[in-house]
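>
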Amino acid sequence: MKVRVFPHATDVGRSAASVIADGIRQARRSGRDYLLGCPAGRSARTTYRSLAQLLSVEQIPLDHLHLVLMDSYVHTVGKSLCLPPGDAHWSAERFAAEEIVGPLNAAAPAGKGVAAHHVWLPDPSEPEEFDQRIRSAGGVDLFLLASGSTDGHVGFNPPGTDRGSVTRVVELAESTRRDNLATYPGFATFDDVPRHGVTVGISTIVENSRSAIMITLGQEKQTAFRRMSTADAFDPVWPASIVRECRQASLLADRAAAPSFQDRRAETQNP
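Residue numbers (the working numbering): -14 to 256.
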């Protein structure tokens, strides 16, 4: 796993965006789709913005780009767990539309942006179908990942998640719900945060991706950076440590998250 530390969060975003843009170009030249695994949270915002800026210069068509969202809150409708309305402030669909698709489509040539049906969300009524859909498409080219600040959740996978877990509905850990208050400031109180979510599993991430980038930004992520940069393998106590087992994996951090890290090019090889 490559570990790199940059002066600022914007530098991390530009580095990750450059890798993604290269992949999008290569897929275009090869005449194939490009699948990008996307977290709906604060950590990847600088990456999404930088990617739009990069692609706007070259005006690359993005009609071959698929966005594979990692997770979403769910709520109860009758006796069923359902995704929230697309315009709800806590909706992953809304986040994707405003923070990812909107800027990318503004950067793409007219009529060649990300199609609405190319934004994938796991269905809480049939979550297991999501893994099959990813496999049928040939896997995710690159999974962007982020770690919970206090409990190391990745997606909505809580501490103690099994290595073989797949896409499913989970009861959210209290620590995860508290971490995400800052991501969705529309929640007036902690009690307003949903108690369930649908999420890709640990196995979904590691077995169905060609590469992965873990983004760690800000002072609040110092523990996360330390746990992941020193892990030898997946530790279920800190689920985000799965990045250690991903193919072609990188851990990118800003200096605030890794104030004492010295070797900016430290690298170990994954299988």
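All C-beta atoms in this analysis are idealised placements derived from N, C-alpha and C, irrespective of residue type, glycine included.
#1: Would you mind sorting Asp72 into buried or exposed? The rule is 16 or more other CB atoms within 10 Å of its CB.
#2: In the DSSP assignment, what are the bridge partners of Ala238?
#3: What residue ranges within the segment 26 to 79 form continuous alpha helix (DSSP H) runs of no fewer than 4 residues, ordered along the chain?
#4: What's the call for His49, buried or exposed, on a 16-neighbour Cβ count within 10 Å?
#5: What are the boundary residues of the beta strand (DSSP E) that includes Glu156?
#6: Let's see if you can read the secondary structure: which residues bound the beta strand (DSSP E) around Leu89?
#7: Taking its Cβ as the centre, do 16 or more other Cβ atoms sit within 10 Å of Arg14, making it buried, or is it exposed?
#8: Would you kindly report the start and end of the unbroken alpha helix (DSSP H) that includes Val191?
#9: If you count every other CB in all the chains shown that lies within 10 Å of the CB of Ala77, and 16 or more means buried, which is it?
#10: Per DSSP, Phe210 is paired with what?
#11: Between the C-alpha atoms of Gly16 and Thr(-5), what's the straight-line distance to the nearest angstrom?
#12: With three or more C-beta pairs closer than 8 Å as the rule, is the segment 108 to 128 touching the segment 145 to 156?
Here's the rundown:
#1: Your numbering for residue 72 matches position 87 in the sequence shown. Asp72 comes out exposed.
#2: Against the sequence shown, residue 238 aligns to sequence position 253. Answer is Val(-10), Thr201, bridged to Ala238.
#3: 30 to 43
#4: Sequence index remark: in the sequence shown, residue 49 carries index 64 (1-based). Buried, because 16 or more other Cβ atoms sit within 10 Å of the Cβ of His49.
#5: Sequence index remark: in the sequence shown, residue 156 carries index 171 (1-based). Run containing Glu156: 153 to 156, per the beta strand (DSSP E) assignment.
#6: The sequence position of residue 89 within the sequence shown is 104, counting from 1. From DSSP, Leu89 is part of no beta strand (DSSP E) but of the alpha helix (DSSP H) over 87 to 92.
#7: On the sequence shown, residue 14 is found 29 positions in, with the first residue counted as 1. Exposed.
#8: On the sequence shown, residue 191 is found 206 positions in, with the first residue counted as 1. Element bounds for Val191: 187 to 192.
#9: Locating residue 77 in the sequence shown gives position 92, where the first residue counts as 1. Looking at its Cβ environment, which holds 16 or more other Cβ atoms inside 10 Å, Ala77 is buried.
#10: Numbered from its first residue, the sequence shown carries residue 210 at position 225. In the DSSP output, where bridge partners are listed per residue, Phe210 has none listed.
#11: Along the sequence shown, read from residue 1 onward, the residue named residue 16 stands at position 31. Along the sequence shown, read from residue 1 onward, the residue named residue -5 stands at position 10. In a straight line, the C-alpha of Gly16 is about 31 Å away from that of Thr(-5).
#12: yes
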